[in-house]
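What follows is a set of notes on a single structure, which appears directly below.
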Amino acid sequence: MVTLKQQLYAWRTVIFALFLRELQSKFNDKFGLSWAFLEPFVFILALSFFRGLLNEGDIHGISLFHFMMIGLVGLQSYTTGIQSVSMSIRKNKPLYAFRQVQPMSAIVTSGFLEVAIKVVVIALLALALYLVGDGISVDNYLLLIVLFSLLWIQCISVGLMFGIAAAFVPEVDKIKSMMMRPLLFISCIFFSLQDIPEEYWPYLTWNPIVHFVELARYACFPKYGSQGVDLAYTVETTAGCLFLALCLYHITWKKVLAR
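For the sequence shown, position 212 matches number 212 in full-length UniProt numbering, and the numbering has no gaps at all.
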């Protein structure tokens, strides 16, 4: 009989090995790990510059750079998490010949790696702002941590569903790419939800990223307000995505191995 402790130890060993493999394959070019941190910096600076051409100064009590940084970090975390997790099942397919390696191990490893990268990126962004004298102060750390955790649980769940679907129908990857492209424009990244007439809010607030981003801005700057968004909606959508993803995985994981 294999005890639970032995199973957990074997699973931990597998995940650690997959983590090292994922880390090496993800940053095997000349830029290495530095690219994971340089890309968000450049992306945020470029889009903040273009956004500044439209409106200079504060946006509902938040500086332009802080406004864009919170929105873009949230969106990038969501999209890169979904992309990485959805590709992990197919990318690690040769390893499933080993009995100890299962698709869930690859999913957990990929999700954990993306979380670790984004945590370091956020820390470096905060340090850079502090060094230039424009440090960001967080009013509600608990709310921000809860939002970040819910965001990652949801993106890993959605990525898992896309990954399973792509194992049976490869064309799902193209549909996923098409769905990701408009998120930059409908997730309140460039504009605040408060800048849009209230009668149009229902066309945007179905998107959970809007709630994550606007509540994150509110957690850092209470004067920004939280009109039109709700923490309960993020919890409900995250729980729903997680439930559906786990059910789908439980039903299909053996068939995924046989694909």
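Beta carbons: idealized from backbone N, C-alpha and C, even for Gly. All of these numbers come straight from a predicted model, not from anything done at the bench.
List the whole-angstrom C-beta distance separating residue i from residue j, where the pair is believed to meet the contact cut-off of C-beta under 8 Å.
i    : j    : result
V108 : I251 : Wrong, their Cβ atoms sit about 19 Å apart, outside the cutoff.
K223 : G61  : 4 Å
Y249 : I164 : 6 Å
A126 : I136 : 6 Å
Determine the closest residue to residue i out of the options, with distance taken between C-alpha atoms.
i    : options                : result
L75  : Q102, L47, V213        : V213
S88  : F112, Q100, R99, G225  : F112
V210 : D230, E199, P197       : D230
P208 : G225, C188, E198, Y218 : C188
I59  : F168, G225, E236, G159 : G225
F67  : L142, Y218, Q227, F243 : Y218
E198 : F190, G228, P94        : G228
L124 : L244, K26, M69, P94    : M69
Going by beta carbon distance, what residues of the same chain come within less than 6 Å of residue i, once the five residues before and after it are set aside?
i    : result
K176 : F162
F65  : S48
C155 : Y78, G81, I82
Helix, strand or coil, according to DSSP, for residue i in the structure here?
i    : result
I189 : coil
I62  : strand
D195 : helix
I136 : coil
R12  : helix
Is residue j closer than 8 Å to residue i when the C-beta atoms are compared?
i    : j    : result
S86  : L18  : no
A216 : L144 : yes
C220 : S157 : no
V115 : P40  : no
I44  : L72  : yes
S84  : S110 : yes
L193 : W206 : no
I186 : L204 : yes
T234 : L147 : yes
Beta-carbon of residue i versus every beta-carbon of chain D: anything under 8 Å?
i   : result
F50 : You won't find chain D in this structure, because it holds only one protein chain.
Counting only the same chain and skipping the five closest in sequence on each side, list residues whose C-beta sits under 8 Å from that of residue i.
i   : result
Y96 : Q102, P103, L257
Suppose the cutoff is 7 Å on Cβ atoms and the five residues either side in sequence are ignored; what does the same chain contact list for residue i look like?
i    : result
A167 : I89, R90, V256, R259
E22  : T109, S110, L113
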